Amino acid sequence: MTSRWRGSRAARAGLSIVVALAVFATIGPLVAPHDAFTSDFTNGVSPLHTPIGPSRHFWLGADRIYRDEFARLAVGARLSLAIGMLATLLATAIGATVGVVSGWFEGSEGTRIPWSIGIGSLGAVVLALAGHGGWAVLAIAIGLAVRVTGELARIEPLKRGPRVNVDMLLMRMVDVGLAFPFLLLVMAISAALDHTTATTVVLVLGATGWLGTARVLRAKTMQVRSLDFVLAARALGRSTPGILLRHVLPNVSGVLAIAATISVAQMILAESILGYLGVGIAPPAPTWGRMLYEGQDYYLAGPWLVAAPATAIIAAVLGFHLLGEGLKDALGARD
Amino acid sequence: MLSARAIERTLVALATSLVVLGGCNAALEAPFAAAHPDDETPRRGGTLHLASIADIATLDPPIASDMFTSSVIRLVYAGLVDFDRNGNVVPDLASRVDEVDDGLAYRFTLRQGVRFHDGAELTASDVKRSIERALSPTTPSPTASFYQSIEGYDAYASKKTPHLEGVEVEGRYLVLIRLHERDSTFLPALAMAALRVTCPSAGESYSPSLSACGAGPFRVMPGGWERGRTLTLVRNESYFRPGLPYLDAVTWQLNASNPASQAFKFSRGEIDVVRDLSQTDTIRYEGDPRWKSFVALEPVHGMQGDSMNTEIPPFDNVEVRRAVAAAIDRDHIVMLKSSNLTAVTKPVPPGMPGYDPHFEGQRYDYAAALAHMKKAGYPFDPATGQGGWPAPIVYDLARPSLQELTAMSMQQDLAKIGLRVQLRISSLPTLYSLTHRRGKSQMSPQGWEEDFPDPSNFLEPLFSSKSIGEEDTLNYAFYRNAAVDDALARARSERDPAARARLYEQTERVICDEAPWAFEFAYRFFQAHQPYVRNLHGHPVWIADVTDVWLDRERDAVARKEAPLLRALSAGLGVAR
Amino acid sequence: MIRRALSRMAWALAVVWAVVTITFFVNEVIPSDPARMVAGPQARPQEVARIREQLGLDRPVAARYAIFAVRLVHFGTSEIDPKDPKHATCAAFGPVHVDLGRSYVQRRPVVTILAERLPRSALLAAAAVAVQMILGVAFGLFAAARRETVWDMATVAATLVGASIPTFLTGLALQYVFAYRLRWLPFDGYGKTTGAQVTALVLPAVTLGLFGAAFATRLVRDEVSAALALDHARTARAKGASRLGVLVRHGLRNALAPVVTVAGIDFGQLVGGAIVVETLFRWPGLGLVSVSALLDRDGPLIMGTVLVTSIAVVVANLVVDLGYVWLDPRVRV
């Protein structure tokens, strides 16, 4: 009872921040006196030929090319919230699938891949790529030969190999994902596509942000699968997908909701980092990260150019974190 | 557990502190005065501390490709000729240069008794060896083709001959270089970094692990170059100009990419000259009367504009290009960083030899721009927003760059004549691969940094059809005009300076009218130095011309305001070591 | 146990190989021209073609991958003769040679560049993790000891705010306050003397550490609270043990395992991944060099940094996994 009440305070605080942001995003651009994309070379310029600070006409000052910072912040809010939520949708979908499947099949028998076949195929791939098709076929043949010899002559070491199951494969993919250079991937994707749009950023963030969710859901699924009704369903011979959808998923949904909320916070953070590094949505789109990037070598003289987007990012991320906190307390879930 | 109030308070505190901290600006520090400001006699001694945003790629002369690297190489290696402070080519290692054979050969008489940094004497055979090493087919030199007018170059570059026939050693101190055609750009090209003389220990062919050794006013000690971080050059005690250099040493902090950091170090006396200041700091230094005599805008070294690919619609239509050139408000662009930008309206920028002050070039004229669009067949009505070119125009640029800002101003200007520009930002290598290849890039920001101060250097690579390549074009607009090609070729072998100038002026007019580029601005570095740095001057070609700079301060008089914490820590740890 | 460790190591190797291979081919897919990067934008076409040939870039992708893979690890003599062109770019660990080729732009062996940069990144990562653990344990214990009070709420609020601020903002703020206004610490860079290096380490380490400390504090607080609520802790208290003693002996021991786990994993990530902080503070580590390698499309250097970074992450995970089993006997992974 007490924890629910406390939880609702955090949830309320978070919710109020998020709602305030949504309102700002919706009506901000309509209320602002200037357009977010038009430079004002008359009113926005100070006598020293620098952008003016917060004043009557420009509520949050003007940016490096004399556009209205307030209007840009509001349009940026639209972009950040939209990207955060859509990317989370994608990441959560992938992460939930991978996590649940992985957790369900954890510890299962799986199949055995003998070392000989594994190394043989690897060698074949490398040789084939190098253009030595003949050698590649030979490598596979050798691998197979070793395996068969082991079988016939009953030599154990030649038959040995690691055991692999779905869980192991998926978790190795997660490892590769974690070890992969994020920046390179982002640059590669943005170079392959002509134009960095909100869509590409959502895809990139979604495709790289599911790893944490997968791990959390895997742990939770491993807990849930030993619950009574799940065991009962298995005993009754229900199909695996059926059990996963009808029994496991509803029980992990609490953890999923919390993970998703925190994920929105992380997506907004990640998007701002991408914008800050200059690999986010192409300008003149005013994402908060991009606004930080454009304002940063000016911040000692024009701190409003950094303070505005910085505060917005912190507030948005904090809001979703609080919401997640509140959910965590309300649902009584642990870690 | 959590109160909304606690969070509110934290956020407000954070926001306030950011504003408060940001709001108070530290006042500009006073300059550190010279010890004897009225005394003009140079004093020997001291180390000059500099910083640079850029990095030095190499200390091997033939490999240099940018002006900063070349300027540093020039301090370490002497060459046959050099540029003086007026941009003229003057003898350097050579005591005299004679033009013979009606301009088809040059004879260089070397100074006698010049010593390399490793003690060996510099003779004509070292000159030949250095030139052959630089132009060898195994040397990855980006500027080798500047010298293709040397006789025998083609045979040598394609490995048909083991030596460069056109460079002859006529005596111990006499070198003759023969050209197979007259070339007015040969001597300026020779003054650049690539063919400067290297020590015998550098050998005859290129190897990546060269230790820098030449005959210039400064030398590199072992360990003096910490890659990507600092470079220290030390006085060459046996430099052939007696008395020079005055400085004991000069050091650079490399990759100092944070303008705030540089300004900060300058104000504390950690660096003595600063040229990468932010907009605000530039304005403050400009406006402070104490600093008046110690700040200057460097000469123009290049120009920037937008290149329009004449092979891709709509820029195959000359009227559209004229419209673009007239629609861009260059004053607005300059206002984005007014302390460093100057408007440029033609290919040869102001301050360059060959600059034509009587010709206005491209001009901002909105009405004319609309008229050109109409003539092109794509009329645009600003009131309704109807018309113009129907598809978006993709503008390729790289980050980080100033163009990320200026492009957005250009974008707004072109929207007003019905051209919708979409920015496609990538990294520099990707940008190069797009803009240097045929058919890949519709429009992009381009510029040219002078290789040597001559109008041909700005006009030929960019606008001659000979410069067009499938994969590696330098004529980014793929612009072809037979009259322009003809004029440029004639100017190259023209020996009468007035006639030559007229040919280049003619070419400029055609190019500005047909507008393969919309010329926009030139970037000039704003430099501030401490008063105790004497005789610091700009140079039309080189950055950091410090051979005759001297320091005028008492030892340790400059209070290096080290923080007490730092000093105590350094002292303590120094002892412990 | 041994078999498990070996199998884990084998998988770790497979992961590293996968990352390196994917990176190689992704790097190929991006349109770029390293020869042009080396030659500069104003070099004439003949020069660029010549440089391209010298760098070996005119060969087909698959051939280049095969060469790269074969040269990566091979056997040779323990002492490399500097004049030997075949092994000029190798690093020797006994009879095993590792060859990452020569950087296109710097023209030095990639292994040399990595050997310079890795220790500095490791130093920064270690310092950041130390900050993270010290702050995390201190504040976590503090909050756990004062549960349900204002101090607890304030700490949790602070961790939430701390986790919401991107590292470059913290870095900018710290730099502004401590380097620009107060002038207690250097603005950026690495420093020449040991003393200067230590002071230069402070700001970047604290910036990185603060972010991790937010999570570590919560972790410690949760774990210690949970442990304190258990019976044997209460009993000890009832028997008269001091609050601090109980806190440390019962609470901390349980909290230590997850905190060390997180610290270990973070160390692995930070070794190659502290790009933003390294850029902001000009810290000469792997992050900076990997960004410039990416921007210059310097293939060999990209492969080198990706290799080292992924090995760091994978090894850290491995050590943590195996160490966890050894540390906490209750867990059987």
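Protein sequences, first through last, are from chains V, B and X.
Note that the numbering used here has the first sequence beginning at 2, numbered continuously upward.
Note that the numbering used here has the second sequence beginning at 654, numbered continuously upward.
Note that the numbering used here has the third sequence beginning at 1390, numbered continuously upward.
Even glycine gets a Cβ: it sits at the ideal position worked out from N, Cα and C.
Being a predicted model, the structure only gives us computed values, none of them experimental.
Residue of the options minimising C-alpha distance to residue i
i: residue 1524 of chain X; options: X/1579, X/1464, X/1514, X/1601; result: X/1601
i: residue 80 of chain V; options: V/319, V/49, V/273; result: V/273
i: residue 1180 of chain B; options: B/909, B/729, B/992; result: B/992
i: residue 1068 of chain B; options: B/1161, B/1155, B/1038, B/1160; result: B/1038
i: residue 1598 of chain X; options: X/1477, X/1651, X/1409, X/1430; result: X/1651
i: residue 1141 of chain B; options: B/1155, B/955, B/1130; result: B/1155
Alpha-carbon spacing of residue i relative to residue j, whole angstroms
i: residue 677 of chain B; j: residue 311 of chain V; result: Note that residue 677 of chain B scores 43 on pLDDT, short of 50, meaning its location in the model is unreliable and no value can be drawn from it.
i: residue 972 of chain B; j: residue 1167 of chain B; result: 8 Å
i: residue 1482 of chain X; j: residue 1700 of chain X; result: 16 Å
i: residue 685 of chain B; j: residue 930 of chain B; result: 18 Å
i: residue 1165 of chain B; j: residue 1490 of chain X; result: 47 Å
i: residue 238 of chain V; j: residue 219 of chain V; result: 23 Å
i: residue 1561 of chain X; j: residue 1673 of chain X; result: 18 Å
i: residue 1624 of chain X; j: residue 186 of chain V; result: 54 Å
i: residue 674 of chain B; j: residue 55 of chain V; result: At residue 674 of chain B, the pLDDT of 47 sits below 50, so the modelled position is not reliable and the matter cannot be decided from this model.
i: residue 1558 of chain X; j: residue 108 of chain V; result: 43 Å
i: residue 1540 of chain X; j: residue 120 of chain V; result: 58 Å
i: residue 940 of chain B; j: residue 49 of chain V; result: 10 Å
i: residue 162 of chain V; j: residue 1400 of chain X; result: 12 Å
i: residue 1556 of chain X; j: residue 323 of chain V; result: 19 Å
Within-8 Å CB hit, residue i to chain B
i: residue 71 of chain V; result: no
i: residue 1529 of chain X; result: no
i: residue 1699 of chain X; result: no
i: residue 1595 of chain X; result: no
i: residue 1662 of chain X; result: no
i: residue 24 of chain V; result: no
i: residue 66 of chain V; result: yes
i: residue 1655 of chain X; result: no
i: residue 1433 of chain X; result: yes
Test: residue i CB closer than 8 Å to a CB of chain X
i: residue 676 of chain B; result: Because residue 676 of chain B carries a pLDDT of 42, less than 50, the predicted location of this residue cannot be relied on, and no value is offered for it.
i: residue 270 of chain V; result: yes
i: residue 1083 of chain B; result: yes
i: residue 710 of chain B; result: yes
i: residue 273 of chain V; result: yes
Minimum Cβ-Cβ distance from residue i to chain V less than 8 Å
i: residue 1706 of chain X; result: yes
i: residue 1575 of chain X; result: no
i: residue 1064 of chain B; result: yes
i: residue 1053 of chain B; result: yes
i: residue 1037 of chain B; result: no
i: residue 1076 of chain B; result: yes
i: residue 1394 of chain X; result: no
Element boundaries [alpha helix (DSSP H), containing residue i]
i: residue 777 of chain B; result: 777-788
i: residue 1583 of chain X; result: 1583-1618
i: residue 251 of chain V; result: 250-278
i: residue 1488 of chain X; result: Where residue 1488 of chain X is concerned, there is no enclosing alpha helix (DSSP H), although the beta strand (DSSP E) it sits in stretches over 1485-1488.
Within-8 Å CB hit, residue i to chain C
i: residue 183 of chain V; result: In summary, chain C is missing from the structure at hand, where the protein chains are V, B and X.
First through last residue of the beta strand (DSSP E) which encompasses residue i
i: residue 876 of chain B; result: 871-879
i: residue 43 of chain V; result: Where residue 43 of chain V is concerned, there is no enclosing beta strand (DSSP E), given that its DSSP letter is neither H nor E.
i: residue 831 of chain B; result: 827-831
i: residue 748 of chain B; result: 747-753
i: residue 1046 of chain B; result: 1046-1051
i: residue 959 of chain B; result: 955-961
Inter-residue CB distance, residue i and residue j (contact presumed, cutoff 8 Å)
i: residue 776 of chain B; j: residue 826 of chain B; result: 7 Å
i: residue 968 of chain B; j: residue 868 of chain B; result: That pair is no contact at about 49 Å.
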